[in-house]
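Peer 1:
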Ligand code: PLP
């Protein structure tokens, strides 16, 4: 097999060469689509809200999806994983549920708006936010985090696992050790890591880890996960019905995961995410190797185009399959526009909801064109993108 998973059947119906996997994976595997449809048809009742057969089947489906996600992410007790609407909600929950006025946090300069915007709101309420600068490839250095953490009492260190702009993988294990040695919590935005990387939360020893369901994990949009270390008391963002504990009247049940899952769950999304997790459990090693091989070809080919600057770690360094580039011959928005209109290649230009990251790598003014490969990507896609950009910039 020379191409990424899904390069066959799923792609025969493709309407474009899709290289925007860092935004969301597409096409979704047939197993994911089938699971979503099943959750809306045969299992369409509300899970945990009735004892009739279809409600029980829906509850089982949610249970099994949570178990599959826990197995994939190395979480021993699946109840420590809460289903949420996406990584944005997960980041808001871990930050707003933990931080209080007077706390000081250390955060990397590569963070997405899903982290920087809630932190801004918290800073207005009296949380002090100190930023640690990453290098020009977007990599955060543990020594810099250590210096920042030691400078003042720190409640939490917040860092992404991988960059949605340069693909850099951050040394989360080392940073978590530094946080814990200095009495701070370690909170991680794992949006770009899960799926593309083998994430083992037990080994990483972090306190909270936010996951997007619709990117590398191949689920539908509108679903994600938040892992919380056992015993960590995080205030819930929402109060409401959980299908149980109604005799407690006003108080939100404090058990996991129901404390964080008020309201009718996104059962189709959860079912699709579970199917994606099962695919990664079955094929992870092979699929990741293929993604990496295809991505290396992309990075090397793009780097060789005259006048193009590719940001991120060197092509033989570990990274998730995302890169950003600029050209000295054409504006980024125009490149993305022409790649789409002339060549049918879908990529995103701009700041990718990460102005901090673009400031870090020096592209805040210009933005960049981002390419991401994943499930369904082929080496032919990559070759077509390299040929198209070469022709556009000739
Ligand atoms: N964090 C990073 C690094 C991301 O790339 C994204 C999505 O682009 C998010 C957070 C937000 O994820 P979601 O779309 O699941 O809310």
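In our numbering, the protein residues as written are 4 to 397. No residue lacks a Cβ here, since even glycine has one placed at the ideal position from N, Cα and C.
Cβ-heavy atom distance between residue 192 and the ligand PLP below 6 Å?
Peer 2: yes
Peer 1: In angstroms with no decimal places, state the Cα-to-Cα distance between residue 279 and residue 108.
Peer 2: 34 Å
Peer 1: Tell me which residues share the same chain as residue 4 and place their Cβ nearer than 6 Å to its Cβ, disregarding the 5 neighbours each side in the sequence.
Peer 2: With a pLDDT of 36 at residue 4, under the threshold of 50, the modelled position of this residue cannot be trusted, and the question is left open.
Peer 1: Report, in whole angstroms, the separation of the C-beta atoms of residue 166 and residue 90, which I expect to be a contact under 8 Å.
Peer 2: Rounded, the Cβ-Cβ distance is 14 Å, inconsistent with contact.
Peer 1: Three-state secondary structure (DSSP) at residue 124?
Peer 2: helix
Peer 1: Could you tell me the distance, in whole angstroms, from the CA atom of residue 49 to the CA atom of residue 265?
Peer 2: Cα to Cα, the separation comes out at about 13 Å.
Peer 1: May I ask which residues mark the beginning and end of the beta strand (DSSP E) holding residue 162?
Peer 2: Run containing residue 162: 159 to 163, per the beta strand (DSSP E) assignment.
Peer 1: Along the chain, where does the beta strand (DSSP E) that runs through residue 399 open and close?
Peer 2: Residue 399 lies beyond the range of the chain shown here (4 to 397); nothing can be said about it.
Peer 1: Please list, in chain order, all residues of the same chain as residue 177 whose beta carbon is under 8 Å from its beta carbon, the five residues on each side excluded.
Peer 2: Excluding positions up to five away in sequence, the list reads 145.
Peer 1: How about residue 140: is its Cβ closer than 6 Å to a heavy atom in the ligand PLP?
Peer 2: no
Peer 1: Quick one: residues in its chain with C-beta nearer than 6 Å to the C-beta of residue 46, no 5 flanking neighbours on either side, listed in chain order?
Peer 2: 60, 61 and 64
Peer 1: Alpha carbon to alpha carbon, how far is residue 295 from residue 384?
Peer 2: Taking the CA atoms as reference points, residue 295 sits about 14 Å from residue 384.
Peer 1: Report the option in 18, 17, 22 and 26 whose CA atom is closest to the CA atom of residue 357.
Peer 2: 26
Peer 1: Taking 6 Å as the cut-off, is the C-beta of residue 173 nearer than that to any heavy atom in the ligand FMN?
Peer 2: This structure simply doesn't include the ligand FMN; it includes the ligand PLP instead.
Peer 1: Report buried or exposed for residue 217, applying the criterion of at least 16 other Cβ atoms within 10 angstroms of its Cβ.
Peer 2: buried
Peer 1: Taking the C-alpha atoms as reference points, what is the distance between residue 233 and residue 35?
Peer 2: 30 Å
Peer 1: What separation, rounded to the nearest whole angstrom, lies between the Cα atoms of residue 330 and residue 302?
Peer 2: 14 Å
Peer 1: Identify whether residue 229 lies in helix, strand or coil by the three-state DSSP scheme.
Peer 2: strand
Peer 1: Return helix, strand or coil for residue 175, following the three-state DSSP convention.
Peer 2: If DSSP states are grouped into helix, strand and coil, residue 175 belongs with the helices.
Peer 1: Tell me whether residue 321 is buried or exposed, calling it buried when 16 or more other Cβ atoms sit within 10 Å of its Cβ.
Peer 2: exposed
Peer 1: How would you label residue 152, buried or exposed, when you count the other beta carbons within 10 angstroms and need 16 or more for buried?
Peer 2: buried
Peer 1: Is the beta carbon of residue 139 closer than 7 Å to that of residue 229?
Peer 2: No. Outside cutoff.
Peer 1: Keeping to the same chain, check which residues put their C-beta closer than 6 Å to that of residue 174; ignore five residues upstream and five downstream.
Peer 2: 145
Peer 1: Report the start-end ranges of each beta strand (DSSP E) in the segment 350 to 378 that is 3 residues or longer and not cut off at the edges.
Peer 2: 351 to 353 and 371 to 375
Peer 1: With distance defined between alpha-carbon atoms, name the residue in 345, 287 and 274 nearest to residue 68.
Peer 2: 274
Peer 1: Alpha carbon to alpha carbon, how far is residue 11 from residue 377?
Peer 2: Because residue 11 carries a pLDDT of 47, less than 50, the predicted location of this residue cannot be relied on, and no value is offered for it.
Peer 1: Compute every distance between the C-beta of residue 89 and the non-hydrogen atoms of the ligand PLP, then say whether any falls below 6 Å.
Peer 2: yes
Peer 1: Does the distance from the C-beta atom of residue 219 to that of residue 205 stay below 7 Å?
Peer 2: no
Peer 1: State the CB to CB distance for the pair residue 298 and residue 22, rounded to an integer number of angstroms; the pair is presumed to be in contact (CB under 8 Å).
Peer 2: Rounded, the Cβ-Cβ distance is 10 Å, inconsistent with contact.
Peer 1: Quick one: is residue 87 buried, meaning 16 or more other Cβ sit within 10 Å of its Cβ, or exposed?
Peer 2: buried
Peer 1: When DSSP labels each residue in this structure, what does residue 385 get in the three-state scheme?
Peer 2: helix
Peer 1: Does the ligand PLP have even one heavy atom less than 6 Å from the beta-carbon of residue 242?
Peer 2: no
Peer 1: Less than 6 Å separating the Cβ of residue 24 from some heavy atom of the ligand PLP?
Peer 2: no
Peer 1: Could you give the first and the last residue of the continuous beta strand (DSSP E) run that contains residue 65?
Peer 2: No beta strand (DSSP E) holds residue 65; the alpha helix (DSSP H) holding it covers 56 to 76.
Peer 1: Buried or exposed: which applies to residue 340, given that a residue is buried once 16 or more other Cβ atoms fall within 10 Å of its Cβ?
Peer 2: exposed
Peer 1: Is any heavy atom in the ligand PLP found nearer than 6 Å to the beta carbon of residue 195?
Peer 2: yes
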